[in-house]
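Numbered according to my numbering, the sequence shown terminates at residue 344, and the numbering increases by one at each position without gaps.
Where a beta carbon is used, it is the ideal one built from N, C-alpha and C, also for glycine.
Beneath this line is the structure, given in structure tokens, with notes to follow.
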Amino acid sequence: MAGLFSLEGKTALVTGARTGIGQAIAVGLAEAGADIILLGHQNNMQETEQMIESLGKKYKSVIVDLGNITELPTKCDELIAEIGHVDILVNNAGIIRREPAIDHSLSNWQAVIDTNLNSVFIISQKFAKSMIEKGAGKIINIASLLSFQGGITVPGYAASKHGVTGLTKALANEWASKGIQINAIAPGYIETNNTEALRADEERNKSILGRIPAASWGTPSDLVGAAVFLASPASNYVNGHVLVVDGGWMAR
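Spelled out as structure tokens, the structure:
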């Protein structure tokens, strides 16, 4: 049974792994046996690197600006030429811009859509080519509760995360028969940098906690089990699914 969840001999690429959910997933995949490629837009992955190294797994950090979609296809080609095939791709990197819809600037909208959605399509398309050639691969996209709801003051983020779930299903329709499983994880309210403003707002924080049946915010480590499952042979017949990890929020 343990072999169903083993990632020994696999290589996983995780975007946005400096901290929070991305860091927890990268370290969790390493604990399950995978070597890890960390992709970020700055040279600031040292903490994650040390955590992976302590597990005795290999890692490589690469700097790519996911928000620059004009150059991203070429950057992906260069990266693939350098590192070769990856077995697991985790599209975790994302940004959020909080601004009322009536005042929401086009620049904020475009930055969020480019980083959260357009880059996911480009990277998935590029790395899926070798997965299709080998007849196997795992792609895990990080969605959100705002893949199902509209939120407040985050129209770009909500639109991008709705797009991530649609893209997950669209890619599964085309690539499932090629041996690739494409799924998404939709985290609930998790204690990360992106949610710091919400937790600092006493009224919003109380409102959020009041709806979560588990009565607490989640932590990045709460996403690790779901990620290992979707990256492992245990999920070989799971495709186009959005796995919600939210303490029960969506059940209310």
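Rounded straight-line distance, which links the Cα of residue j to that of residue i
i: L164; j: D157; result: 7 Å
i: S98; j: G125; result: 6 Å
i: L335; j: A343; result: 13 Å
i: I214; j: G148; result: 31 Å
i: Q82; j: G229; result: With the chain represented from 93 up to 344, any question about residue 82 goes unanswered, as that position is not in the structure.
i: L181; j: A323; result: 9 Å
i: T260; j: G302; result: 31 Å
i: V106; j: T140; result: 11 Å
i: A326; j: E266; result: 21 Å
i: N331; j: M223; result: 15 Å
Residue of the options minimising C-alpha distance to residue i
i: L238; options: G125, G332, W341 and I128; result: W341
i: L290; options: I161, I224 and I244; result: I244
i: I187; options: K102, L181, I304 and G248; result: G248
i: N285; options: L171, A307 and G108; result: G108
i: P312; options: N160, I234 and S252; result: I234
i: L198; options: N331, A220, V246 and F321; result: V246
i: A116; options: S327, A326 and G310; result: G310
i: H254; options: A276, G132 and W267; result: A276
i: K167; options: D179, H177, V154 and V178; result: V154
i: I175; options: I129, I304 and N183; result: I129
i: N183; options: S236, A251 and Y329; result: S236
i: H177; options: R190, G132, E225 and N136; result: E225
Beta-bridge pairing of residue i - partner residues as DSSP gives them
i: S153; result: L130
i: A343; result: DSSP, once it has assigned bridges, lists no residue as partnering A343.
i: I234; result: I277
i: V336; result: A278
Bounding residues of the alpha helix (DSSP H) (the contiguous stretch that carries residue i)
i: T257; result: P247 to W267
i: T140; result: Q138 to E145
i: A124; result: First-last for A124: undefined, no H or E at that position.
Extent of the continuous beta strand (DSSP E) to which residue i belongs
i: T107; result: T103 to T107
In the region 151 to 230, which residue ranges form an unbroken beta strand (DSSP E) of at least 3 residues, counting only runs that do not cross its ends? 151 to 155 and 180 to 183
Could you give the uninterrupted runs of the alpha helix (DSSP H) lying entirely in the region 270 to 333, keeping only those of 4 residues or more? 288 to 292, 294 to 303 and 316 to 323
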